[in-house]
Structures are given as structure tokens and as C-alpha cells.
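S.K.: Pasting a structure below so you can have a look.
Shown next as C-alpha cells:
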């Protein structure tokens, strides 16, 4: 029962009526990203070998990973989202405007080349790339509240006035 109580928080923030400033950021780590972070101890063992080599029992690492990621998933911390990079509410609400859409042929070709290169590297080194992506995501988690404050609030505008 004690383990089920934090799960009651999840529907409460999903049902909140959000204001315009709360439309873009994600509250807490999303479920797919949380599952990916949960797999990081396993991926680490595929790349570097068992944890016993560094003097730590694997069950301890997995337990702390589950606790940390579980707390991040039910937290109300604002996580970084690429939709935060959209400037202005009118542009963000236009259904024909996407933050991922290419504006020219050259940017489209650059994106295609980047995706093909990323797939090639992932096929050649799957576990190292998976570990690197997980570490980059985990290290980017503190950027969410900073980006939320800078892009979606007027605190950076008040400093210049």
C-alpha cells in the first residue's frame, strides 16, 4: 500500500488545468524516458562488465536507480522539452507550424544526413551509444527548470527593463 501512494500523484498533475506558461514543459520524467533510465545499470554492465569490479553490489545500484528514477517520474520538476524552443504563443498554437519542420531543402538534407549517421553509429556500437544517450539525458535533467524559467516566464525580460 505504501508503494502505491505515490502513484496517486500521477493523475493529479495530468488532470491539472494548465495555463499558457505551463503548456510546453513536461512535469516529471516521461514514462518512456524513465524506462530508458531504468535500463542504464543493465547497459553499463554490457559495456564495462559487472559492478563487483568496482566494489559495488549490482542489487544496490539497481535499487538506487529505481528509487531515483521513480522519484523523478512522480516529481513536479519541469523537464526540458524541445517545444520550449518555440518563441511566442501564437506560433506555438498554430497546428501547421512544427518545431521539427524544415524551413528549406538544405536543413531537410542536413537532418536526413544526421539521422542516417546516427543510425549507422548506433548499429555499429549499440551499447556504447545507448549508454551515452542515457548519460546525456540524465545530465540534461537539471536544464529543464532553467529552460522553463528562461523561455516560458518573463524573468529574463524583467532583467533588461
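Residue numbers (our numbering): 4 to 164. Using N, Cα and C, we set each Cβ at its ideal position, and we do this for glycine too.
How long is the line joining the alpha carbons of residue 148 and residue 65, rounded to whole angstroms?
M.R.: Rounded to the nearest angstrom, the two C-alpha atoms are 26 Å apart.
S.K.: Do residue 117 and residue 79 have their C-beta atoms within less than 7 Å of each other?
M.R.: Going by C-beta atoms, residue 117 is not nearer than 7 Å to residue 79.
S.K.: Report yes if the CB atom of residue 46 is closer than 7 Å to the CB atom of residue 109, and no otherwise.
M.R.: Result no, Cβ atoms of residue 46 and residue 109 do not sit closer than 7 Å.
S.K.: Nearest-angstrom Cα distance between residue 51 and residue 134?
M.R.: So the two alpha carbons sit approximately 11 Å from each other.
S.K.: Residue 112 to residue 106, Cα distance in whole Å?
M.R.: Roughly 11 Å between the two C-alpha positions.
S.K.: Between the C-alpha atoms of residue 76 and residue 32, what's the straight-line distance to the nearest angstrom?
M.R.: Taking the straight line from one Cα to the other gives about 4 Å.
S.K.: Using only the alpha-carbon positions, how far apart do residue 53 and residue 137 sit?
M.R.: Rounded to whole angstroms, residue 53 to residue 137 spans 18 Å at the Cα level.
S.K.: Taking the alpha carbon of residue 70 as the point to measure from, which residue in 81, 44, 56 and 124 has its own alpha carbon closest?
M.R.: The residue with the shortest Cα to Cα distance from residue 70 is 44.
S.K.: For the alpha helix (DSSP H) that contains residue 227, what are its first and last residues?
M.R.: Here the chain comprises residues numbered 4 to 164, so residue 227 is not present and cannot be evaluated.
S.K.: Taking just the CA atoms, how far does residue 152 sit from residue 132?
M.R.: Distance between the alpha carbons of residue 132 and residue 152: 31 Å.
S.K.: From the DSSP output, read off the bridge partner residues of residue 81.
M.R.: 30, per the DSSP bridge assignment.
S.K.: Cα separation between residue 34 and residue 56?
M.R.: If I take the Cα positions, the gap works out to 31 Å.
S.K.: Which residues bound the alpha helix (DSSP H) around residue 45?
M.R.: Segment 43-51, the alpha helix (DSSP H) holding residue 45.
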